[in-house]
Amino acid sequence: MPTDVEHWKDELYGTEIRAEIERFAEEGWESIPEDERDAWFERFKWFGLYHQRAGQESYFMLRIGPPSGVLEPGQFRRIVEIADEFSRGPAENPEFGNGWLDVTTRQAIQLHWIRLEDVPEIFDRLEDVGLSTVQACGDSWRNIVGCPVAGKDKHEHVDAGALATELNETFKQNEAHSNLPRKWKVSVTGCDEGCGQGDINDLSFEPAEKEIDGETVTGYNVRVGGGLSRNEPRFARNIDVFTTPEQAVDVAGGLSALFRDHGDRENRYNARMKFLVDEWGPENVRETLQADYVDFELETAGDDLRESYSYNAGDADGKHDHVGIHEQVDGNVYVGLNVLVGRIGIDDAYEIADAAEAYASGEVRLTQRQNIILTDVPEENLDTLLAEPVFEEYSPDPHPFQRGSIACTGTEFCSLSIVETKNRQVRYARWLKENVDLPDGVEDFHIHLSGCTASCAQPQIADVSLRGMKTRKNGEPVEALDIGLGGGLGESPQFASWVAERIPADEVPGAIATLLENFAAARDGDESFREFVLERDDDELADLIEPEETDYDDPYMHNTKRTWYPYAEDDGLDASPAPARADGTPIPSDD
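Counting with numbering that gives the first Met the number 0, you get residues 0 to 590 for the letters of the sequence shown.
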């Protein structure tokens, strides 16, 4: 039997949802029937609107997904203006204040504390500058990720940005592809470095070459069925298909339709492309695509160009994340800025927008490591740009522990998360920077903190992977983390090995410190951490981790899942000011 979600989508889904959002916005939060809220919240996701967690009723997260993370001049500023006016909550965050925007691991921006009543105006303001939240969430084509400096990069084989844009224009608001069994994540890579991270997507296009009619053609090999969610990670598998840029949209449409028609609509846990590939095998996927979904002869795979992949590849001295100053093909430079855990305060964001417009083209690009890039900086403007005070915090040359930190939303807003994440990872990075020396030659070290097994922080592809759990310490329930080691992408991707479970969160910095001490003592020459991990079994790796308390202080050890907001002075669910009306006044429970 189809799931409840499938029944809700059969009743109403896709572009028709907008009129209902506008109706509820006009009538107010209270107009949504309580017994229909689950259905409406599921539908709202199609327009990038997520209801926040228990204790925050009537507040939403809004996701804006530009393809490949490219924000054209004026678009970043418009998002900042919207955040300033509409994305401030009823409580302060002790690390970030009240008002910010979050860069995600899929090159999108998320705004929190959005009131439903403000959404139509927000939509209009975004559309005025060519932005949209359409299909940023929901069971459809998600934001198409890819090389964040496509078209500017000196190291690209093919302009991935052109294909990402064409895919976005073809499949967003396309009724034939708007109601899929689950989310459909697509990546386009065109460069040496592999920064599209195609291995962890449902569908990936990766640069390749093939002899066709006596000529060498540069295009894409196609992989399907990658993903990290839950405890079932998969790398995308090769289906032996090469496509030219001109035919890539047809191939993508065929595979999307194949998933639409054959994906599991009776079990949402099983309704991902990775499980269909598990069941069918890559060969059957190719055969079905050829027989039923494209009207031309598919080419067999070409020679891939993965041997040069360096993005998140675990190199000890590799800094292949677009942070720093890099030359563009036109002689200008782009400046990659580290955004610790992806969060930018509104005042800082205004300053970044000012600098981008004053010293460059005004274009801002987002990366899958939650960072931002300012493109088109003339060489003569570089020193003046970098002298702006805001770039002391959002630096092109950060410490490795800050550069390598990624964190998901966590219990601050997310109903799935088990632990607090962003503030904690900021505190971890700060403590590690002040107290731990990386081994000689190690300039790149990734620590990803995910609040649950949904893996939004992509923990399985980090040097040190942290995953939210609960445990007991001194007889009291506390927040804890599983620890994994040695994940990464590159030519030969590897998932982290989970080697320690339920470590109390205040003992994790000590565990990382001793891990790095043991790595420094036992490593062979200049081997990378990932190479070191691959040479050892899980028992040996577990012995390298020695959790211990240090002078690190963790104010979020209590069960933040049971609070209305983890940082509120009075944080109990019964103290929540939600739900609230459009003007912020609480709605009495008997109203």
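Glycine included, every Cβ here is placed at the ideal spot set by N, Cα and C.
Roughly how many angstroms separate the alpha carbons of residue i and residue j, rounded to a whole number?
i: LEU110; j: ILE78; result: 9 angstroms
i: VAL223; j: LEU381; result: 41 angstroms
i: ALA90; j: TYR566; result: 8 angstroms
i: THR14; j: ASN173; result: 9 angstroms
i: ALA521; j: SER464; result: 21 angstroms
i: ILE81; j: ARG124; result: 8 angstroms
i: GLN134; j: PRO180; result: 14 angstroms
i: LYS182; j: CYS136; result: 8 angstroms
i: CYS146; j: ALA161; result: 11 angstroms
i: ARG364; j: TRP497; result: 33 angstroms
i: ARG429; j: GLN401; result: 8 angstroms
i: LYS153; j: LEU488; result: 21 angstroms
i: PHE59; j: ASP570; result: 19 angstroms
i: PHE518; j: ALA510; result: 12 angstroms
i: ARG236; j: PRO281; result: 7 angstroms
i: ILE108; j: ILE63; result: 5 angstroms
i: HIS261; j: ALA355; result: 46 angstroms
i: GLU56; j: ASN97; result: 18 angstroms
i: TYR12; j: GLN246; result: 29 angstroms
i: THR132; j: PHE122; result: 8 angstroms
i: ASP590; j: SER186; result: Reliability fails at ASP590, whose pLDDT of 44 lies under 50, so the model's placement of it is uncertain and the value that follows must be treated cautiously. C-alpha separation (whole angstroms): 47 angstroms.
i: PRO93; j: ARG342; result: 13 angstroms
Where does residue i fall in DSSP's three states?
i: PRO388; result: helix
i: ILE544; result: coil
i: ASP396; result: coil
i: PHE95; result: coil
i: GLN459; result: helix
i: ALA18; result: helix
i: ASN269; result: helix
i: ASP590; result: Confidence at ASP590 is low in this model, with a pLDDT of 44, below 50, so its placement is unreliable and the value that follows should be read with caution. If DSSP states are grouped into helix, strand and coil, ASP590 belongs with coil.
i: LEU227; result: coil
i: GLU506; result: helix
Along the chain, where does the beta strand (DSSP E) that runs through residue i open and close?
i: ASN558; result: From DSSP, ASN558 is part of no beta strand (DSSP E); its letter is neither H nor E.
i: ARG529; result: Element bounds for ARG529: not the beta strand (DSSP E) but the alpha helix (DSSP H), 528-533.
i: HIS6; result: Counting along the chain, HIS6 falls outside any beta strand (DSSP E), though it belongs to the alpha helix (DSSP H) covering 3-10.
i: VAL157; result: Unbroken run through VAL157: none, as it is neither H nor E.
i: PRO503; result: 496-503
i: TYR58; result: 58-63
i: MET468; result: 463-472
i: ALA207; result: 202-211
i: TRP112; result: 108-114
i: PRO476; result: 475-484
i: TYR333; result: 332-336
i: ILE371; result: 371-376
i: ASP37; result: First-last for ASP37: 36-43, but that is the alpha helix (DSSP H), not the beta strand (DSSP E).
i: ASP239; result: 236-242
i: ARG364; result: 363-365
Within 10 angstroms of the Cβ of residue i, are there 16 or more other Cβ atoms? Answer buried if so, exposed if not.
i: ASN658; result: Outside the modelled stretch of the chain, which goes from 0 to 590, sits residue 658, for which no answer is possible.
i: TYR268; result: exposed
i: PRO587; result: exposed
i: ILE31; result: buried
i: PRO1; result: exposed
i: GLY474; result: exposed
i: TRP99; result: buried
i: ILE211; result: exposed
i: PRO388; result: exposed
i: PHE46; result: buried
i: GLU155; result: buried
i: PRO546; result: buried
i: HIS6; result: exposed
i: ARG471; result: exposed
i: THR299; result: exposed
i: PHE295; result: exposed
i: ASP201; result: buried
i: VAL22; result: The sequence given here has Arg at residue 22, not Val. So ARG22 counts as exposed.
i: GLY213; result: exposed
i: SER491; result: exposed
i: GLU350; result: buried
Short check: CB of residue i to CB of residue j, under 8 angstroms?
i: ARG305; j: GLU433; result: no
i: ALA53; j: LEU572; result: yes
i: ALA541; j: THR104; result: no
i: GLY335; j: GLY323; result: yes
i: ALA479; j: PRO503; result: yes
i: ALA163; j: SER67; result: yes
What residue range is occupied by the uninterrupted alpha helix (DSSP H) comprising residue i?
i: HIS325; result: Counting along the chain, HIS325 falls outside any alpha helix (DSSP H), though it belongs to the beta strand (DSSP E) covering 323-326.
i: THR287; result: 281-287
i: LEU431; result: 421-434
Does the beta carbon of residue i come closer than 8 angstroms to any beta carbon on chain C?
i: THR452; result: Of the protein chains in this structure there is only one, and it is not chain C.
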